[in-house]
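Structure, as structure tokens:
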């Protein structure tokens, strides 16, 4: 569904005989499968024309998963693992993973040359090429300052295109309570 709804209308202006006009429609499917768009063209003094366009949405071939403790102790380091996988048959180039830290988390360290940006509050890994069938794991440590509920987000890109976004909820408990 387009953000403007199911029925979209565009005024194409005057199209003279022999001319054509191209209209681009960008959609982001929320599920894998086959989809169809029905198109209708109406013009004064002319018969309406109908056509359909078919599109197949395939699964994102880069996967991203997060392993995090069910609960973390406030003011103690916690470990978070992210795993990037390539389920495609071709290598994915220029893969980049970015974790956005909430203000309640103090960054401690990251493996695999993860770079922390204290202004943007992000940790970024330039993963380079991810080969077919490859799984790559990176880890970061952080300290949640106070008990409570919060979350952090992770975004995966390859070749400059968004591949996957994941949100990870966290529960921080006081240090004297069992996690």
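Residue numbers (the numbering used here): 681 to 859.
Ideal Cβ placement from N, Cα and C applies to all residues, glycine included.
None of these values were measured; they are calculated from a predicted model.
Practice task
Tell whether a beta-carbon distance below 8 Å holds between residue 773 and residue 838.
Solution key: Contact flag set, yes.
Exercise for the section: For residue 725, count neighbouring Cβ atoms within 10 angstroms of its own Cβ and tell me buried if that reaches 16, exposed if not. Expected result: So residue 725 counts as exposed.
Exercise for the section: Report yes if the CB atom of residue 850 is closer than 8 Å to the CB atom of residue 735, and no otherwise. Expected result: The Cβ atoms of residue 850 and residue 735 do not sit closer than 8 Å to each other.
Exercise for the section: State the Cα-Cα distance for the pair residue 716 and residue 743, rounded to the nearest angstrom. Expected result: The C-alpha of residue 743 is placed about 26 Å away from the C-alpha of residue 716.
Practice task
Could you give the DSSP three-state label for residue 695: helix, strand or coil?
Solution key: Shown here, residue 695 sits in coil according to DSSP, grouped into three states, outside any helix or strand.
Exercise for the section: Please say whether residue 805 and residue 818 have beta carbons closer to each other than 8 Å? Expected result: In this structure, residue 818 sits near residue 805, with a CB-CB distance shorter than 8 Å.
Problem - Burial state of residue 843, where buried means 16 or more other Cβ atoms lie within 10 Å - result: The residue in question, residue 843, is buried, as its Cβ has 16 or more Cβ neighbours within 10 Å.
Exercise for the section: Under 7 Å Cβ to Cβ from residue 731, same chain only, skipping five residues before and after it: list those, please. Expected result: Excluding sequence neighbours, residue 731 sits near 719.
Exercise for the section: Would you list, in sequence order, the uninterrupted beta strand (DSSP E) runs of no fewer than 3 residues that lie entirely inside the segment 776-855? Expected result: The segment 776-855 contains these whole beta strand (DSSP E) runs: 785-790, 795-797, 802-810, 815-824, 828-838, 841-853.
Exercise for the section: Pull up the CB-CB distance for residue 782 and residue 745, whole angstroms please, since I reckon it's below 8 Å. Expected result: Contact check for residue 782 and residue 745: beta-carbon distance about 20 Å, past the 8 Å limit, so the pair fails to qualify.
Problem - Pick from 699, 704, 697, 696 that is closest to residue 690, judged by C-alpha positions - result: Measuring from the Cα of residue 690, the nearest candidate turns out to be 704.
Practice task
Compute the distance between the beta-carbons of residue 807 and residue 776, then report whether it is under 8 Å.
Solution key: In terms of Cβ geometry, residue 807 and residue 776 form a close pair [threshold 8 Å].
Problem - Cα-Cα separation, residue 856 to residue 757 - result: Going by the C-alpha atoms only, they are around 14 Å apart.
Problem - Other residues of its chain near residue 721: CB distance less than 6 Å, five sequence neighbours each side excluded - result: Sequence-distant Cβ neighbours of residue 721 in its own chain, meaning closer than 6 Å and more than five residues away, are 729.
Handout entry: Reduced DSSP secondary structure (H/G/I, E/B, other) of residue 734
Key = DSSP, reduced to helix, strand and coil, places residue 734 within a strand of the structure shown.
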